[in-house]
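Quick note, the sequences are listed as chains R and G, same order. Throughout, this note's numbering is defined as the position within the first sequence, counted from one, plus 167. Throughout, this note's numbering is defined as the position within the second sequence, counted from one, plus 11.
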Amino acid sequence: MASLRDIQTQISGVKKTKQITSAMNMVSSAKLRGAQQRIERFRPYADKYQEILSDLASRADSSVHPLLEQREERKTIGIILVTSEKGLCGSFNANLCNAALKLAKEKQAQGKTVQFICVGKKGRAFIKKTSFEIVEAYVDTMNSFDFHLANTIGTKSIEEYVSGIFDEVHIVFGKFVNIIRQEPVATQILPVEQSAAEDAAGATSEYLFEPSVEGLLAELLPRYVKVQIYRGLLDTSASENAARMAAMDNATKNCEDLADSLTLKYNKARQAGITTELMDIVSGSEALKNA
Amino acid sequence: MANTIHFEIVTPDRQLLSEDVEYVGAPGINGEFGVLPNHIPFLSALGIGSLYYKKNGKKYYVFIAGGFAEVSPQKVSVLAEVAEKAEEIDIERAQKAADKAEKRLKQQKEKVDFARAQAQVARSIHRIRCRESAVSEGTCRM
Numbered sequence: 168m169a170s171l172r173d174i175q176t177q178i179s180g181v182k183k184t185k186q187i188t189s190a191m192n193m194v195s196s197a198k199l200r201g202a203q204q205r206i207e208r209f210r211p212y213a214d215k216y217q218e219i220l221s222d223l224a225s226r227a228d229s230s231v232h233p234l235l236e237q238r239e240e241r242k243t244i245g246i247i248l249v250t251s252e253k254g255l256c257g258s259f260n261a262n263l264c265n266a267a268l269k270l271a272k273e274k275q276a277q278g279k280t281v282q283f284i285c286v287g288k289k290g291r292a293f294i295k296k297t298s299f300e301i302v303e304a305y306v307d308t309m310n311s312f313d314f315h316l317a318n319t320i321g322t323k324s325i326e327e328y329v330s331g332i333f334d335e336v337h338i339v340f341g342k343f344v345n346i347i348r349q350e351p352v353a354t355q356i357l358p359v360e361q362s363a364a365e366d367a368a369g370a371t372s373e374y375l376f377e378p379s380v381e382g383l384l385a386e387l388l389p390r391y392v393k394v395q396i397y398r399g400l401l402d403t404s405a406s407e408n409a410a411r412m413a414a415m416d417n418a419t420k421n422c423e424d425l426a427d428s429l430t431l432k433y434n435k436a437r438q439a440g441i442t443t444e445l446m447d448i449v450s451g452s453e454a455l456k457n458a
Numbered sequence: 012m013a014n015t016i017h018f019e020i021v022t023p024d025r026q027l028l029s030e031d032v033e034y035v036g037a038p039g040i041n042g043e044f045g046v047l048p049n050h051i052p053f054l055s056a057l058g059i060g061s062l063y064y065k066k067n068g069k070k071y072y073v074f075i076a077g078g079f080a081e082v083s084p085q086k087v088s089v090l091a092e093v094a095e096k097a098e099e100i101d102i103e104r105a106q107k108a109a110d111k112a113e114k115r116l117k118q119q120k121e122k123v124d125f126a127r128a129q130a131q132v133a134r135s136i137h138r139i140r141c142r143e144s145a146v147s148e149g150t151c152r153m
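In structure tokens, the structure reads:
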């Protein structure tokens with residue numbers, strides 16, 4: 168049985184851990200607020216892009232721009248996996264990695280080669296352990312990033328796509344549904360799908376275009392890809408903080424429970440100690456009396 | 012008869028501007044174009060340069076780089092990757108960036124990414140020009 172002192176050390180240790188977890192909870196809730204604001208500010212921009220691009224794409228033939236072209240044979244698939252830099256956020260990163268791995272295995276089963284572009288340390292560490300190849304990794308970027316990061320990743324993937332290294336590019340990121348729900352989502356970003364385009368056709372009709380529709384597409388398509396990547400980055404960062412908030416909340420509660428049960432154990436042990444001491448004294452004096 | 016048109020500038024990180032204005036002049040990719048209220052629907056890609064709008068007879072300048080403008084009779088929306096109001100432009104920083112990029116261009120080494128350096132020079136020069144025109148219009152203090 169643990170001595171009183173041992174239990175006391177345990178209790179103080181648990182209480183210290185609780186302080187850390189509750190501090191982390193507060194930090195991530197503050198960060199989450201920031202990330203949510205960024206998403207909100209970005210949304211009008213992304214929506215507008217989607218709207219304009221759908222309209223343009225519905226007017227043009229898919230052969231006018233390489234990013235729209237649907238290749239017959241798709242041999243290599245690129246997957247951009249967006250994860251966080253740090254752990255301690257529950258199963259968030261594991262879910263993302265598994266979703267990416269599932270997609271990769273599906274594609275592999277169809278006889279395609281899959282390569283990864285990893286954003287964030289956690290994803291890179293996970294993919295390294297699998298048999299898949301990492302062509303590019305952006306680490307230490309997720310803690311503070313801006314559109315520039317999306318730009319870099321976007322330019323890279325477009326280059327690879329146009330030069331024929333990739334025939335398809337997907338992005339896997341943590342979609343921020345609400346504070347308690349984050350889902351891993353996989354979307355195809357290259358070639359740009361035209362199906363979404365057809366819904367909006369005819370909504371905006373007689374535009375004057377400058378330069379031509381094709382020229383505009385050439386300008387806007389690469390940007391649209393970057394917009395989608397940026398959206399993935401923003402969502403992942405919000406989801407990460409939400410997941411960490413929940414995980415730390417749980418940890419804090421567990422610490423409280425543990426501290427309670429340890430205190431109970433401590434009190435019991437203390438009481439047992441007193442009883443044994445009393446027994447000693449009583450039996451000692453009894454022995455003296457009889458002598 | 013409405014003689015103003017609603018004008019907004021949106022970047023990935025913020026909504027820079029949302030106002031009713033009298034006129035918008037923007038640097039289209041094929042040259043500058045102007046928009047008055049009741050313009051026909053129009054869509055144009057934008058280059059790097061100064062965009063200006065008139066409000067209460069005064070000209071205000073905004074630096075923009077990349078993006079596009081959507082014009083409808085009552086509204087102009089500009090979606091730019093980078094947009095800065097003239098008063099936010101840091102002249103010193105722009106000047107330094109321009110000098111640095113120019114130096115890189117002069118090095119003539121193969122390693123130098125010419126396209127990038129050139130774009131950097133263009134951006135910096137336009138930033139400075141944008142600020143200067145705003146100052147000369149009196150809508151921005153030095």
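Glycine included, every Cβ here is placed at the ideal spot set by N, Cα and C.
- Taking a contact to require three or more Cβ pairs closer than 8 Å, the stretch 202 to 220 of chain R and the stretch 397 to 406 of chain R qualify as touching.
- With respect to chain R, the C-beta atom of G/L54 has a partner C-beta closer than 8 Å.
- Partner residues in the beta bridge of G/S88, as assigned by DSSP, are G/E19, G/E81.
- DSSP links R/T243 through a beta bridge to R/T280.
- Of R/S189, R/A418, R/V394, the smallest CA-CA separation from G/D24 is found for R/V394.
- In the DSSP assignment, R/C285 is bridged to R/L248, R/A304.
- Contact annotation: R/A266 and R/V336 have beta-carbon atoms that are not nearer than 8 Å.
- Assigned with DSSP and collapsed to three states, R/A458 falls in coil, not helix or strand.
- The contact set of G/E81 on chain R, defined by CB atoms closer than 8 Å, consists of K215, I219 in chain order.
- Per DSSP, the unbroken alpha helix (DSSP H) holding R/T176 starts and ends at 171 to 226.
- Looking at the backbone, the Cα of R/G331 and that of R/P351 are separated by about 28 Å.
- Taking 8 Å as the cut-off, the Cβ atoms of R/E377 and R/A227 do not count as close.
- For R/L268, the three-state secondary structure derived from DSSP is helix.
- Counting of Cβ neighbours within 10 angstroms places R/L455 among the exposed residues, the total staying below 16.
- As computed with DSSP, G/G45 is found in a beta bridge with G/G36.
- Pairing G/P38 with G/G58 gives a Cβ-Cβ distance under 8 Å.
- DSSP places R/L316 in the uninterrupted alpha helix (DSSP H) bounded by 314 to 329.
- Judged by DSSP secondary structure, R/H232 falls outside any alpha helix (DSSP H); it is assigned neither H nor E.
- Per the DSSP secondary-structure output, G/K70 pairs in a beta bridge with G/K65.
- For the stretch 22 to 38 of chain G, residues whose beta-carbon sits nearer than 9 Å to a beta-carbon of chain R comprise T22, P23, D24, R25, Q26.
- Chain-ordered, the chain G residues with CB closer than 9 Å to the CB of R/F314 read T22, P23, D24, E92, V93.
- Around the Cβ of G/F125, a 10 Å sphere holds fewer than 16 other Cβ atoms; the residue is exposed.
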